[in-house]
Amino acid sequence: MQRRLLSREGDNMPALTIAQGTPADLDDVLALLQTAGLSANGVAEQIVNFLIAREDGRFVAVAGLENHRTAGLIRSVASHPGWRNRGLATTLVHRLIERSRTLGYRTVYLRTKTAEAYFARFGFRRVSLEEVNPTVLASGQFQGEECDATAIMVLEFDGPTS
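To convert a position in the sequence shown, counted from 1, into the working numbering, add 12.
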């Protein structure tokens, strides 16, 4: 499903759309993640779980949600430099949190080197590796030495899963 955002008829603003990722988006996603210094590990396998933002058809931002049964993993949140600090990443993260609720996840995790305060605004809190759901630990995002240099954060939802 594709949604048009941040543009109204007659306001001369470019059309911004957000849609589910497809394999055709992979090269753009990988290039942006490289520019942002984020891991591409597992992106190809998860691309359909990503949200892709475009301005008049041009790729401008991405954010992904890995499915791990009762838990999710938000990953690869990045915007092109010209789209930073405009609220687009916040919109994508809010949508992934809502998708997580809809899917019935009890928890959503993420790893970050530099954005701990940013994600705390959504209700995420820092946890130790030992506190992470074991199914999430199987993600490529938790493999390798780079994991040691990141904060691990969790957002917990109230109520039973569906």
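All C-beta atoms in this analysis are idealised placements derived from N, C-alpha and C, irrespective of residue type, glycine included. All values reported here derive from a predicted model rather than from experimental measurement.
Checklist line | Status (buried if at least 16 other CB within 10 Å, exposed otherwise) for alanine 90 | finding: buried
Check: Alpha carbon to alpha carbon, what distance is there between serine 88 and alanine 163?
Finding: Those two C-alpha atoms are separated by around 15 Å.
Next item on the list: Measure how close the beta-carbons of leucine 50 and serine 151 come, nearest whole angstrom, since I'm counting them as under 8 Å.
Entry: With 8 Å as the limit, leucine 50 and serine 151 do not qualify as a contact, their Cβ atoms being about 14 Å apart.
Checklist line | Alpha-carbon to alpha-carbon, alanine 65 and isoleucine 59 | finding: 13 Å
Note to self: Judging by CA-CA distance, which residue of Glu142, Tyr121 and Pro93 is the nearest neighbour of glycine 76?
What the structure shows: Tyr121
Notebook entry, point to check: So, helix, strand or coil for threonine 34, using DSSP?
Noted result: coil
Next item on the list: To the nearest angstrom, report how far apart alanine 161 and alanine 36 are at their CA atoms.
Entry: Between alanine 161 and alanine 36, the C-alpha separation is close to 32 Å.
Item checked: Residues that DSSP places opposite arginine 81 in a beta bridge -> DSSP, once it has assigned bridges, lists no residue as partnering arginine 81.
Check: Looking at asparagine 145 and alanine 48, is the spacing between their C-beta atoms short of 7 Å?
Finding: no
Next item on the list: Would you list, in sequence order, the uninterrupted alpha helix (DSSP H) runs of no fewer than 4 residues that lie entirely inside the stretch 73-158?
Entry: DSSP runs (the alpha helix (DSSP H)) wholly in the stretch 73-158: 100-114, 128-132 and 146-149.
Next item on the list: Report yes if the CB atom of tryptophan 95 is closer than 7 Å to the CB atom of alanine 127, and no otherwise.
Entry: Between tryptophan 95 and alanine 127, the C-beta spacing is not below 7 Å.
Next item on the list: Compute the beta-carbon to beta-carbon distance between leucine 167 and glycine 116, rounded to the nearest angstrom, for a pair I have assumed lies under 8 Å.
Entry: Contact doesn't hold; Cβ gap of about 14 Å is too wide.
Next item on the list: With DSSP as the reference, label glutamine 47 as helix, strand or coil.
Entry: The residue asked about is misnamed: residue 47 is threonine in this sequence, not glutamine. DSSP, reduced to helix, strand and coil, places threonine 47 within a helical segment of the structure shown.
Note to self: Using C-beta distances below 6 Å, list every residue in its chain close to arginine 138, excluding the 5 sequence neighbours before and after it, in chain order.
What the structure shows: Ala163 and Met165
Notebook entry, point to check: Buried or exposed: which applies to isoleucine 30, given that a residue is buried once 16 or more other Cβ atoms fall within 10 Å of its Cβ?
Noted result: buried
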